[in-house]
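Have a look at the structure below before the remarks.
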Amino acid sequence: MYVALTLALALACVAATQFFYLMFMQRMSRQDRKRIEYLEKELKRARIELETTMHELEIAERQVSELREEDDTWPEIIDG
Numbered sequence: 019m020y021v022a023l024t025l026a027l028a029l030a031c032v033a034a035t036q037f038f039y040l041m042f043m044q045r046m047s048r049q050d051r052k053r054i055e056y057l058e059k060e061l062k063r064a065r066i067e068l069e070t071t072m073h074e075l076e077i078a079e080r081q082v083s084e085l086r087e088e089d090d091t092w093p094e095i096i097d098g
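Residue numbers (my numbering): 19 to 98.
Encoded structure:
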């Protein structure tokens, strides 16, 4: 009788442990999904910021090259 009761309690403890572990894993899974969504949004924002910065850099490089071309023409005008 006591063996059956002990075995039943042991099985109940194992089932409860598995149940709480499953609950824990589901909560971790939800947190991971939220974290992934957050990281995807941040990645999208960072890509947009990178594209904007690259565009601004291209504009600045063009302006610098135009200014260098203008600097090259001044000696010719002065000597001319």
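Don't be surprised by glycine CBs; every beta carbon is placed ideally from N, CA and C.
Excluding the five sequence neighbours on either side, which residues of its own chain have a C-beta within less than 6 Å of the C-beta of ALA26, listed in chain order?
Taking the sequence shown and counting its residues from 1, one reaches residue 26 at position 8. Same-chain partners within the cutoff: there are none.
Quick one: grab the DSSP three-state call for MET19.
For this step, residue 19 is matched to residue 1 along the sequence shown. Here MET19 sits in coil by DSSP.
Nearest-angstrom Cα distance between MET43 and HIS73?
Counting from 1 along the sequence shown, the entry for residue 43 is found at position 25. Counting from 1 along the sequence shown, the entry for residue 73 is found at position 55. Computed Cα separation, rounded: 44 Å.
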